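First up is the structure itself, then whatever we jot down about it.
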Amino acid sequence: MNGSPPLEFIQLVEQEDDKTIQIQIQKYIDKQIEDVISWLFYLLSNSQDETILSNSNRLLSVVMEQTSNKALLVDLLKSKIIESTKQAKSNKNMDMIVASIQSASNLLYPTE
């Protein structure tokens with residue numbers, strides 16, 4: 008992975024207010040998409056904090072919805088999911104990674 012996220016990004020993920028998080032994540036989307044995906048999967052793999060895990064999963068959905076380059080997004084998700092499952096620190100981390108995979112699948116390939 009690209010290493011741990013910068014403190015500024017972790018502080019963003021720790022916030023409780025969804026609206027604030029969604030507004031602030033905008034500065035990363037499309038410009039630093041590879042870093043953002045790496046950082047979110049790093050947090051999903053390594054954090055034990057419930058807020059960070061939950062918010063990382065939600066933010067991943069926001070990023071996926073708002074990213075314009077879906078082909079790049081799919082490639083990034085494939086590689087980061089493989090890496091993060093190998094690095095998961097606990098079953099809780101693995102459960103969050105699986106939940107993020109399910110969310111990604113539902114967003115990218117909706118069933119109707």
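In the working numbering, the protein residues as written are 8 to 119.
Backbone N, C-alpha and C fix where the C-beta goes; we use that ideal spot for every residue, glycine too.
These figures come from a predicted structure and were not determined experimentally.
ask   = How big is the Cα-Cα spacing for residue 90 and residue 16?
value = Within the sequence shown, numbered from 1, the residue matching residue 90 stands at position 83. Within the sequence shown, numbered from 1, the residue matching residue 16 stands at position 9. If you take the alpha carbons of residue 90 and residue 16, they lie about 20 angstroms apart.
query = Between the Cα of residue 112 and the Cα atoms of 98, 97, 58 and 67, which residue gives the shortest distance?
reply = Looking up residue 112 in the sequence shown gives position 105. Residue 67 is the option with its Cα nearest to residue 112.
ask   = Closest to residue 69 by CA distance: which of 14, 23 and 30 is it?
value = As a working mapping, residue 69 is identified with position 62 in the sequence shown. Minimum Cα distance to residue 69 is reached at 30.
message = Using only CA atoms, which one of 65, 36 and 35 lies nearest to residue 24?
response = In the sequence shown, residue 24 corresponds to position 17, counting from 1. Looking from the CA of residue 24, the closest CA among 65, 36 and 35 belongs to 65.
key: Where residue 25 sits in the DSSP three-state scheme   = Position 18 of the sequence shown, counted from the start, is the residue given in the question as residue 25. Correct three-state label for residue 25: helix.
key: Reference residue 114, options 20, 22, 77 and 101, closest by Cα   = Taking the sequence shown and counting its residues from 1, one reaches residue 114 at position 107. Across the set 20, 22, 77 and 101, the C-alpha of 77 shows the shortest separation from the C-alpha of residue 114.
ask   = Could you check where the alpha helix (DSSP H) with residue 89 kicks off and where it finishes?
value = Translated into the one-based positions of the sequence shown, residue 89 becomes position 82. Where residue 89 is concerned, the enclosing alpha helix (DSSP H) stretches over 77-94.
query = Buried or exposed: which applies to residue 98, given that a residue is buried once 16 or more other Cβ atoms fall within 10 Å of its Cβ?
reply = Locating residue 98 in the sequence shown gives position 91, counting from the first residue. Note on residue 98: under 16 other CB atoms within 10 angstroms of its CB, so exposed under the neighbour-count rule.
ask   = What is the DSSP secondary structure of residue 116, reduced to helix, strand or coil?
value = Sequence index remark: in the sequence shown, residue 116 carries index 109 (1-based). Reduced to three states, the DSSP call for residue 116 is coil.
inquiry  = Between 44, 26 and 35, which has its C-alpha nearest residue 86's C-alpha?
reply    = For this step, residue 86 is matched to residue 79 along the sequence shown. Nearest option by C-alpha distance: 44.
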